[in-house]
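To start, the structure itself, in structure tokens.
Residue numbers (our numbering): 289 to 519.
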């Protein structure tokens, strides 16, 4: 389901300590756990995972703000829940430039001639998602400019993975020189998602596991790892 699309209810009362993740060392699956000094981040890309509503999107947004304030070019998108009368009715895609469009809605119907892509009670608006997300990824892939850039991808989950062009674009972005991906992936549940498991297993990816206990202490480590990814 899409309960992890935190929204306002999932973005309160937190802040920042290292707790979970992977470094580019002998075994990519090695996980960093516990307080105290941690090994230097040696991965290129940084992903956050954790239970629904724990605050992954909020961390992504805060990290983006810190990076932008330090002069790093940041583009991408995040998802935000949509509520009506106190009830969640779906999710929107929001680009970092402020463009917004529907990702899914409860009980909505797909556009005429389009197959229905459903996750639980939510019907995914695939054309709307692709119209917003794909140009952002293509812009990140444009490595003609100098320096490095960060591409925010929140998130790579069941809804987004209905899109084959999105899957191809994510893979291409992960392999684009000069681009560091800062994204979120769901915790394993039910049938494995091929691209998510592929990302978890990459030697150039570090995964932070966000919990209510550590979310107030993760931001500095996330930003440091993203910055180290340019090397």
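Think of the CB as a built atom: it goes at the ideal place given N, C-alpha and C, for glycine as much as any other residue.
Within the same chain, show all residues whose beta-carbon is closer than 6 Å to that of residue i, passing over the 5 residues directly before and after it, in chain order.
i: residue 445; result: 474
i: residue 417; result: 381, 391
i: residue 513; result: 329, 334, 494
i: residue 325; result: With a pLDDT of 41 at residue 325, under the threshold of 50, the predicted position of this residue should be treated as unreliable, though the coordinate-derived value follows. Same-chain partners within the cutoff: there are none.
i: residue 350; result: 507
i: residue 289; result: In this prediction, residue 289 scores a pLDDT of 44, lower than 50, which makes its location untrustworthy; the coordinate-derived value is nonetheless stated afterwards. Cβ neighbours of residue 289 beyond the five flanking positions: 408.
i: residue 317; result: Low local confidence applies: a pLDDT of 33 at residue 317 is under 50, so the model's placement there is unreliable, with the coordinate-based value given in what follows. Answer for residue 317: no residue qualifies.
Going by DSSP in three states, residue i sits in which element: helix, strand or coil?
i: residue 414; result: helix
i: residue 369; result: strand
i: residue 506; result: coil
i: residue 467; result: strand
i: residue 352; result: helix
i: residue 424; result: helix
i: residue 449; result: helix
i: residue 358; result: coil
i: residue 288; result: Past the boundaries of the shown model lies residue 288; the chain is included only from 289 to 519, so the question cannot be answered.
i: residue 387; result: coil
i: residue 310; result: Reliability fails at residue 310, whose pLDDT of 37 lies under 50, so the model's placement of it is uncertain and the value that follows must be treated cautiously. Of the three classes helix, strand and coil, the one that applies to residue 310 here is coil, per DSSP.
i: residue 490; result: coil
i: residue 479; result: coil
i: residue 457; result: helix
i: residue 342; result: coil
I believe residue i touches residue j by the beta-carbon criterion, under 8 Å. Please report the beta-carbon distance rounded to the nearest angstrom.
i: residue 472; j: residue 439; result: Not confirmed; about 13 Å, so no contact.
i: residue 354; j: residue 384; result: Their Cβ separation, rounded to whole angstroms, is 13 Å, which puts residue 354 and residue 384 out of contact at 8 Å.
Can residue i and residue j be called in contact, C-beta distance under 8 Å?
i: residue 495; j: residue 367; result: no
i: residue 447; j: residue 407; result: yes
i: residue 442; j: residue 348; result: yes
i: residue 424; j: residue 409; result: no
i: residue 436; j: residue 469; result: no
i: residue 453; j: residue 422; result: yes
i: residue 414; j: residue 451; result: yes
i: residue 332; j: residue 489; result: no
Just grab the DSSP bridge partners of residue i for me.
i: residue 462; result: Looking at the DSSP assignment, residue 462 forms no beta bridge with any residue, so it has no partner.
i: residue 392; result: 379, 412
i: residue 515; result: DSSP output for residue 515 lists no bridge partner at all.
i: residue 406; result: 411
i: residue 472; result: 336
i: residue 364; result: 440
i: residue 496; result: 336
Sorted by chain position, which residues of the same chain lie with C-beta nearer than 7 Å to residue i's C-beta, five sequence neighbours on each side aside?
i: residue 313; result: Residue placement at residue 313 is poorly supported in this model, since its pLDDT is 30, which falls under 50; the coordinates are not used for a value here.
i: residue 335; result: 471, 472, 473, 487, 493, 495
i: residue 360; result: 438
i: residue 372; result: none
i: residue 500; result: 342
i: residue 515; result: none
Tell me which same chain residues have a C-beta within less than 8 Å of the C-beta of residue i, skipping the five on either side of it?
i: residue 483; result: 444, 449, 455, 458, 459
i: residue 477; result: none
i: residue 387; result: 420
i: residue 356; result: 362
i: residue 365; result: 381, 382, 383, 384, 420, 421, 424, 440, 441, 442
Is residue i a contact residue of the ligand NAP, with contact defined as CB to any heavy atom under 7 Å?
i: residue 425; result: Absent from the structure shown: the ligand NAP. Ligands present: none.
Within the 8 Å Cβ cut-off, does residue i reach chain B?
i: residue 485; result: As a matter of chain content, chain B is missing from the structure shown, which is built from one protein chain.
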